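Comments concern the structure below.
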Amino acid sequence: MCALALAASACTKAPPPDPLLTRIDAALEKSAAFLVAQQGADGAFRSMQYAAFKDGYATTPLALSFLLFAPPSANIDAAYRRGVDFLATIVDEQGKVKEQLEYPVYSAAGALLVLSVPKNARHQSKKAALIAYLRARQLTEHNGWSPSDPEYGGWGYWPGIPTKAKEGEPKDELLGSTLSSTTWAVGSLALAGVTPGDPALVAAKRFVSSCRAADGGFFLTPTNPVANKAGAIEGDGFAGYGSATADAARVLLRLRTPRADPLLDGAARWLATRVEGAHQSGSFPPAQQFAKDGSRFYAAWAQAHALTQLGQKDIGAPARPWPALFAEELLAAQRTDGSFKNDATDLREDDVLVATPLAAATLALARAVHAGTPVSMTPK
6 MCALALAASA CTKAPPPDPL LTRIDAALEK SAAFLVAQQG ADGAFRSMQY
56 AAFKDGYATT PLALSFLLFA PPSANIDAAY RRGVDFLATI VDEQGKVKEQ
106 LEYPVYSAAG ALLVLSVPKN ARHQSKKAAL IAYLRARQLT EHNGWSPSDP
156 EYGGWGYWPG IPTKAKEGEP KDELLGSTLS STTWAVGSLA LAGVTPGDPA
206 LVAAKRFVSS CRAADGGFFL TPTNPVANKA GAIEGDGFAG YGSATADAAR
256 VLLRLRTPRA DPLLDGAARW LATRVEGAHQ SGSFPPAQQF AKDGSRFYAA
306 WAQAHALTQL GQKDIGAPAR PWPALFAEEL LAAQRTDGSF KNDATDLRED
356 DVLVATPLAA ATLALARAVH AGTPVSMTPK
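Just so we're aligned: the sequence shown equals residues 6 to 385 in my numbering.
Here's what the structure looks like:
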């Protein structure tokens, strides 16, 4: 008998490989190879489709955020290092952040997120300039806002340093805050070492509370109705939806908000019951279907991050494991060359350099949770 001839451990057969993990790994390798092939000689990932992405500072952090967790290889490691070195050029040798960035908050925050990864410590000297750059663009007292303003404490899309319009002056719709911009800014500042008690982050929580919907979910902004993807609910303010609710949860978690806090608890419950897959969640009227369709991969990415950080493995009723649901949907959406592309254009996800890193990073998160080895949101 085996027990008499061999050690007990030799009688135990290795478990068969998980078919889903095998498929995910193959998909991740294809996406990584596709992205590496798009990298420029200087390390940047530049769009060939949208002029606003051609400086590389908005799209390179997206690509690197996936490549950091892609299946390891010498080729990917080298591409990642080149991308990091390019991104560090957003701050010059005099410590000044580049002027006229197309997406200043996203670009600076994305760079700060990447440069705060411990393995990129060779660019440590660039971080202080990026922290100061983001602080200068927050809508707080320094720029004319007060805590009574609904946009107070957040970050938005204004191309320069925002200044509150004076009484009676016309207000530009870009002079507001959004949960998306705020998520990137808060996440990067927190990973760079800014503590939750810092006035900037305390003010950010106040902005998050301004974006809460009546059902416990969240919307993008309290000051620009057109930007809220799920529209309004008659007599009840704006409707909450998946990507905004996930972004709110991620900000609150970065601020070390207790799970029992009504803001975080409401967001967690909303996500657990409303998210159905790797796409935008929530009730969207027909007139807003374009916004739902156009935010497919960003919503999948944001929701996967939030569910992972919340430790939420099952969603819906009846409860089902979200990693398998997300993975199957994304595997079906991947193109033969490893890329992803959205036919809808609202968030420019029809650009493969936007859609591919978002979708592939979501797939990597789903793989990790499915396998029981979640990746750290603060990679070492």
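All C-beta atoms in this analysis are idealised placements derived from N, C-alpha and C, irrespective of residue type, glycine included.
The structure presented is a predicted model; accordingly, all values stated were derived computationally and were not measured.
Residue nearest to residue i in terms of C-alpha spacing, selected from the options
| i | options | result |
| --- | --- | --- |
| His128 | Tyr138, Ala116 and Leu139 | Ala116 |
| Gly236 | Phe289, Ile81 and Arg211 | Phe289 |
| Ala304 | Ala324, Ala322, Ala360 and Val374 | Ala360 |
| Tyr246 | Val231, Pro267 and Ala272 | Ala272 |
| Leu363 | Trp327, Ala376, Phe223 and His284 | His284 |
| Ser130 | Thr145, Thr187 and Asp90 | Asp90 |
| Ala244 | Pro263, Asp266 and Gly221 | Gly221 |
| Ala205 | Arg340, His147, Gly316 and Ala75 | His147 |
| Thr250 | Trp306, Ala46 and Pro291 | Trp306 |
| Ser286 | Val96, Leu120, Ser70 and Phe331 | Phe331 |
| Gly165 | Leu184, Lys176 and Leu139 | Leu139 |
| Val96 | Ser78, Pro77 and Leu120 | Leu120 |
| Asp241 | Leu315, Cys216, Ile81 and Ala83 | Cys216 |
| Asp270 | Val207, Phe223, Ala292 and Pro230 | Phe223 |
| Arg255 | Pro323, Ala137, Asn229 and Gln314 | Gln314 |
| Arg259 | Leu225, Ala209 and Thr278 | Ala209 |
| Arg142 | Leu92, Gln99, Pro175 and Leu194 | Leu194 |
| Asp132 | Gln99, Arg279 and Thr145 | One point to set straight first is that residue 132 is Lys, not Asp, in the sequence displayed. Checked all of Gln99, Arg279 and Thr145; the closest Cα to Lys132 is Gln99. |
| Ser214 | Gly181, Ser186, Ala75 and Ala253 | Ala253 |
| Leu92 | Ser78, Pro76, Ala75 and Arg51 | Arg51 |
DSSP three-state assignment for residue i, whether helix, strand or coil
| i | result |
| --- | --- |
| Thr183 | strand |
| Trp327 | helix |
| Ile29 | helix |
| Phe91 | helix |
| Ile388 | With the chain covering only 6 through 385, there is no way to say anything about residue 388. |
| Phe243 | strand |
| Phe50 | coil |
| Trp160 | strand |
| Ala265 | coil |
| Phe74 | coil |
| Val280 | coil |
| Val207 | helix |
| Ala371 | helix |
| Ala237 | strand |
Through-space distance from residue j to residue i, alpha-carbon basis
| i | j | result |
| --- | --- | --- |
| Asp203 | Gly149 | 19 Å |
| Tyr108 | Pro21 | 47 Å |
| Tyr336 | Leu358 | A small fix is needed here, since residue 336 is Leu in this sequence, not Tyr. Their backbone Cα atoms lie some 18 Å apart in a straight line. |
| Lys101 | Val41 | 29 Å |
| Leu73 | Pro227 | 34 Å |
| Ala376 | Gln105 | 43 Å |
| Gly159 | Leu67 | 22 Å |
| Leu368 | Ile29 | 7 Å |
| Ala218 | Leu268 | 10 Å |
| Ala46 | Tyr85 | 13 Å |
| Arg340 | Thr94 | 32 Å |
| Asp179 | Asn233 | The amino acid occupying residue 179 in the given sequence is Leu; Asp does not appear at that position. Approximately 14 Å, taken between the alpha carbons. |
| Ala49 | Asp266 | 41 Å |
| Ile320 | Leu276 | 8 Å |
| Thr64 | Ser70 | 10 Å |
| Asp177 | Leu184 | 18 Å |
| Ala366 | Gly173 | 46 Å |
| Leu370 | Glu334 | 14 Å |
| Ala10 | Arg372 | With a pLDDT of 43 at Ala10, under the threshold of 50, the modelled position of that residue is not reliable, and the figure given next carries that caveat. Cα-Cα distance, rounded: 39 Å. |
| Asp355 | Ala56 | 14 Å |
| Trp189 | Arg264 | 21 Å |
| Lys171 | Val122 | 41 Å |
| Lys229 | Arg211 | Residue identity check: residue 229 is Asn in the sequence provided, not Lys. So the alpha carbons of these two residues sit roughly 17 Å apart. |
| Trp163 | Ser344 | 31 Å |
| Ile136 | Ala322 | 42 Å |
| Leu225 | Ala311 | 16 Å |
| Gln43 | Pro175 | 43 Å |
| Gly316 | Ala113 | 29 Å |
| Pro24 | Thr278 | 28 Å |
Exposed unless 16 or more other CB atoms sit within 10 angstroms - verdict on residue i
| i | result |
| --- | --- |
| Asn125 | buried |
| Glu239 | exposed |
| Arg261 | exposed |
| Val110 | buried |
| Thr378 | exposed |
| Asp388 | The structure shown does not extend to residue 388, since the chain is modelled only from 6 to 385, so the question has no answer here. |
| Pro328 | buried |
| Pro167 | buried |
| Leu257 | buried |
Closer than 6 Å: residue i CB and nearest the ligand HEM heavy atom
| i | result |
| --- | --- |
| Leu276 | Among the components modelled here there is no ligand, and therefore nothing to report on the ligand HEM. |
- Taking three-plus beta-carbon pairs below 8 Å as touching, is the stretch 345-358 in contact with the stretch 296-304? yes
- Task: Count the CB pairs spanning the stretch 189-198 and the stretch 144-154 that are closer than 8 Å, and state whether there are at least three.
- Result: The answer is no - the stretch 144-154 does not touch the stretch 189-198, with fewer than three Cβ pairs under 8 Å.
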